[in-house]
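Written out below as structure tokens is the structure these notes cover.
Residue numbers (the numbering used here), protein chains in the order written: chain A, 533 to 1012; chain B, 78 to 378; chain C, 52 to 163; chain D, 2 to 609.
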């Protein structure tokens, strides 16, 4: 078997991004080929540590390919490439930024160095800012930029404090040192968490997400709402599980923040009457839940929750973007019955929504089941009760929205004549295929989730406290 | 298996019920007349009326109109066939209280069906009033009987009557309850002041507005048998039935005539008044009675 | 002392971001904030009495009397990134001005 | 043939049915009908000895007498409804996806009834919930499906919580094992019991949870309402039976104080069910829409079932099972008839109908049996179950619930007569002169349903013997007894055949007098005594609106529980608004402010 170096996943898009400038005409080709090659590279990655520039760790930059990174990369690159296939005229100017974004996101997942992470974070943010500018809501994008800049400042501040205390930037070394003497690092950890909280859309810091995603098109929605959010959460999962050591007090305070996000996000989504608003606020709430799990020692569950939400949100934002474009808006009333004339899209959207709401037959259910089960195993009943209440709210608004989109408007007999993608649309079949494949994947993993669960187990075998992970699988019931 | 003989007894019971009650209602008319200082008809006037009506041509409003009436009469006859009287128990072992109540309700429902099928809104209004009233008097009545059943550990009517012969009448155990049951009985018989659903001047005799000729005749028969069932139930459940037939009949007549006399001297209530009365007085008394009874006789464990 | 001074510069920047609604003022605040941060990180590696970590004819080998060079390199990167961010921000400012004719976010939001 | 393959093939038929119906819409209804009838045949022939089939991971089946009884009930409802809706021309029913959802709901319910473990049960339960949600959504109106789904989700999340609590505490999901283990530990047992019963109550529409029923039944496609009301809402009763059999309250609260021999908790829950009966009856009386009336009556009837289950005696449990069947048959009939009416007249408002019995006599007869069974009058099945329940209430001395049951059955006379009188009796409106008798398919399904209602009502012994078998299989020490044709009660016997005999004798006598007397002349409906008024229009001459006004006036101020839910929803809305206002401002300075505030708070908290 081939054994490819993971740096390719970062370098290749970067090189393409800059060479593209010379070949404007075939920019799209660069984008598609580049992202497809990246999938190919990811498939042939071997787990291990890769040193950059020949320095032994903890010196120099290393790239770390473990199961966690590998499957995150796989999902990220597949989703990204799928989005690139859908690229339209509008996005052609964004080829370079897209490729840079891809490189930065891959780097975020792979890197084993905290400062390197900061660099990738900044590159990703700047790429995102350029991408976001394509929706022409500049003041919203400005809001994003300010929030992002404060966030990264806080991250770097925290990192500086940590460096002062421990004298290293290597993640593995940092973990060793921190585990040995954790005291005094709390302020830095809090600062880093807040820095990243801006990116993962935790609540008091996520106003930018509302501004951007409310107006997102079929391109920005999946990119910012699903891919960026997911990758940032994976980074949080890496940092707050593998590297930082927190005492119970910090954990509690940060969990409180995530809980507020969960409750507030669900309430805001419940109140919304527009498709993309519902999606974005529910995304905020989900981010709260994911962060909560990661912080409280359930990283494996958090991991599959991130991946499953990422996929579902991707499909939904994609279709919501097209719908809003065709119908000239995305209020429920305007879109009533839109799926009647677009049953395939409707099917994909429905599956993704039901999976997100955690209904059986879909992957989301398996995740939610294991999540609650693991919480209950540690004899905590209040947290599951709270999460279930949030799911109740989520299920109601999700179904209300989906049913509204299926229902024929009063007095209409033939169905609403909004074609999500007209027959003339260039990417019609690509959208069909991608949304169908992803939603069928959600069903497939819902019916046979055991592989996905065992990957999660391999990626995040034991919890932070060393508790073994117990999973309910379809095959064998309960198992460790 | 039920012997043919007991079916014969049962049929005889139904026939006797009709004969006796029709005769008694003639007496009732006489008494009412005397109270109102009239002469009144002869005591067998009701027999005359029924035969006369049955021989008259009439109009019908369709097959449901006919069917409902048949159900009404069949329900009444079927109920009477189960009714024990003193030592005479037609269908031994099956004179279950709930069964009799529900079978009697089938007769009531048949009557309502027929009235509704007449197409006359006055009949529908009358039925509605009747059924509303029905909730008012059946509810306390049945709760009281359920208390009795719980106490005597049997729901057989003859069984309850027989136990009262030994342990004393229920009226001594639950005086308030018997008062309520009597008010309910008075309502069931459709006597004033509870005859709002018949109110001739308001709803033109309510459910009966469209009945004439043989329909009225059949309805009359059904009504008399139903009255027999209601009073017999009261006597059996609250007044200890009777050791002998004579004792039973004596109690029967006493109850019936008391009700008639009361009806003769009262005015009619308006429908709201009836409804409010029933949901205040009898139900309140019933709650009190049930509490008292449970304290005195049933153990709260 | 230097740490506190640079941190106060950082807080000054944040204060500007919280209180100002004018886009250019906000960009300036951002820059002030970043400068504060960069100064702070540089001071982290500073050690009293040590010299700049530059190999020269005078100091031909990396002996122990250098200050920590890593924070300085971090800051170098950070400055570059800061420039990028500022550029994007200014580009936004131009776009916003073209769209709305003013740079006061409060007015723009009020108009929307 | 085994249970797994039955369910899988129903699912696959559903998917195939969707694609076939896309090509030829008229075939969809036939596929739904054929598949459900085939399932009926299979379950009937296979009996409760039908093997569960191979285990497919967690999905394992095991056919128990209780599960078989429920399965038969639901397949009967689905297949008769399938036959009945063959001729339906409704738009909603013609949707290709309807066939799929219909069969999915059926297959998932069968999965629930034969599930071996709680997880499989829950998975199928949820599939049934969402497939029926979408089926309701095909109807008209937007409130029904959402409130159905919201309440169902509330119920299923309660159940999920209980399942996982058991699973995490005892490491088992096996239905019986989990519950019996829970019995040993009073703390979790109470929680599990309350949550499980709560979820059943949601499905059955017991009082605080009934709000989904009126909108869902009204807005569901006319062809789906029978399956929903008669079949799917009975899912709740199934888990209630399981839980109260394996985790009886007396088992884990035995020592605490009792009311009338029942543990205080049981008594409280029985009172709740009683309140549901009273409330449901009162609300049913004042409805103007026939479907809403039946919906509230379902809420009331759920109360009888819960009372029967909670009392836990052999007679009461048997009564609950029989009542379940009786109510399923009766509501399916009633909703099928209403579907016919709505298809022809376009309305289910009672005051807009009237006199239909003259246009559709056979349909009327079927409706009459259903209504008589709902009221609980002999010779219908509803009488048998009410008798059993009243018997056990009386012998236990539960006077308050008994009063509720009595009120429910007498009150049901009022609304039952109302629906009969205003829809089928009274004046026929001129615009309804051209109405047709139901199609043969509908009549066939109505004949099966009302035949079952009446047949089992006259000859219930076989049914009672089977409920005795169910009770034995649930591990109850005593089971209800039959002797020959009569059911042996605690303080009295019931021989339904004898009652029918007496009634028939009465009928013969009445008939003899009736036909001996002179023939009567048929007159038009308008040819009636009007007490001197002159009214020429049948529309004005029909008493249909505010039927029981004098009675309704007593409780017109009865608070509506749906207001509580509306308040909850608007509270969530307000919270959402607040969150949006506070945290989602488009101003960067607001974000910067929040970041600083939170940072200061967190660091302050850490330093402290």
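The beta-carbon is built from N, C-alpha and C at its ideal position, and this holds for glycine as well.
query                                                                                                                                                                          : result
Suppose you measure from the CA of residue 70/C to the CA of residue 297/D; what does that come to, to the nearest Å?                                                          : 59 angstroms
In this structure, how does DSSP classify residue 56/D when only helix, strand and coil are distinguished?                                                                     : coil
Taking the alpha-carbon of residue 607/D as reference, which of 780/A, 575/A, 746/A, 636/A has the nearest alpha-carbon?                                                       : 780/A
Buried or exposed: which applies to residue 157/C, given that a residue is buried once 16 or more other Cβ atoms fall within 10 Å of its Cβ?                                   : exposed
Taking 6 angstroms as the line, does the beta carbon of residue 115/D fall inside it for any heavy atom of the ligand NAD?                                                     : This structure lacks the ligand NAD; in fact it carries no ligand of any kind.
Span of the alpha helix (DSSP H) holding residue 242/B?                                                                                                                        : 234-244
So, is the C-beta of residue 602/D closer than 7 angstroms to a C-beta in chain C?                                                                                             : no
From the DSSP output, in three-state form, read off residue 264/D for me.                                                                                                      : strand
Which residue or residues does DSSP assign as beta-bridge partners of residue 522/D?                                                                                           : 136/B
Looking at C-beta atoms only, is the number of pairs between the segment 208-215 of chain D and the segment 143-162 of chain D that lie closer than 8 angstroms three or more? : yes
Going by the CB atoms, is the gap between residue 474/D and residue 65/D shorter than 7 angstroms?                                                                             : yes
Considering only residues of the same chain and omitting the five flanking positions on each side of residue 95/B, which have a CB-CB separation below 7 angstroms?            : 298, 301, 302
Please list the terminal residues of the continuous alpha helix (DSSP H) segment that includes residue 206/B.                                                                  : 198-229
Go through its chain and collect everything with a Cβ distance to residue 987/A's Cβ below 7 angstroms, but skip five positions before and after it.                           : 599, 603
Which chain D residues sit within Cβ distance under 7 angstroms of residue 195/B?                                                                                              : 529
Counting beta carbon pairs with one atom in the segment 891-901 of chain A and one in the segment 839-850 of chain A, are three or more of them shorter than 8 angstroms?      : yes
What does residue 877/A touch in chain D if you count any residue whose Cβ is under 7 angstroms from its own?                                                                  : Going along chain D, no residue has its Cβ under 7 angstroms from residue 877/A, so there is no contact; the nearest lies around 14 angstroms.
What residues of chain D sit near residue 672/A, judged by a beta carbon separation below 8 angstroms?                                                                         : 587
I want to see whether chain D comes within less than 7 angstroms of residue 54/C, judged by CB atoms only; does it?                                                            : no
Quick one: list the residues of chain D neighbouring residue 158/B, beta-carbon separation under 8 angstroms, in chain order.                                                  : 503, 506, 507
Using the C-alpha atoms, what's the distance from residue 594/A back to residue 563/A?                                                                                         : 27 angstroms
Tell me, please, whether the segment 151-167 of chain B touches the segment 112-124 of chain B by the rule of three or more beta-carbon pairs shorter than 8 angstroms.        : no
Quick one: is residue 654/A near chain C, going by C-beta distance under 7 angstroms?                                                                                          : yes
Which same chain residues end up closer than 7 angstroms to residue 337/D when comparing Cβ atoms and leaving out the 5 residues on each side of it in sequence?               : 82, 85, 227, 443, 446, 447
Considering only residues of the same chain and omitting the five flanking positions on each side of residue 602/D, which have a CB-CB separation below 7 angstroms?           : none
Going by the beta-carbon positions, is the gap between residue 887/A and residue 974/A smaller than 7 angstroms?                                                               : yes
Please decide whether residue 69/C counts as near chain D, where near means a Cβ-Cβ distance under 7 angstroms.                                                                : yes
For the 8 angstroms Cβ check, are there 3 or more pairs between the segment 331-343 of chain B and the segment 233-250 of chain B?                                             : no
Taking Cβ positions, are residue 390/D and residue 303/D nearer each other than 7 angstroms?                                                                                   : no
Just to confirm the assignment, what range does the beta strand (DSSP E) spanning residue 178/B have?                                                                          : Premise fails: residue 178/B lies in the alpha helix (DSSP H), 174-194, not in any beta strand (DSSP E).
Taking the Cβ atom as the reference point for each residue, do residue 464/D and residue 388/D lie within a distance shorter than 7 angstroms?                                 : no
Quick one, are the C-beta atoms of residue 799/A and residue 580/D less than 7 angstroms apart?                                                                                : yes
Please report the residue range of the alpha helix (DSSP H) in which residue 419/D lies.                                                                                       : 400-420
At a Cβ threshold of 7 angstroms, is residue 447/D touching chain A?                                                                                                           : no
How many angstroms separate the CA atom of residue 926/A from the CA atom of residue 462/D?                                                                                    : 48 angstroms
Around the C-beta of residue 568/D, are 16 or more other C-beta atoms found within 10 angstroms, so that it is buried, or is it exposed?                                       : exposed
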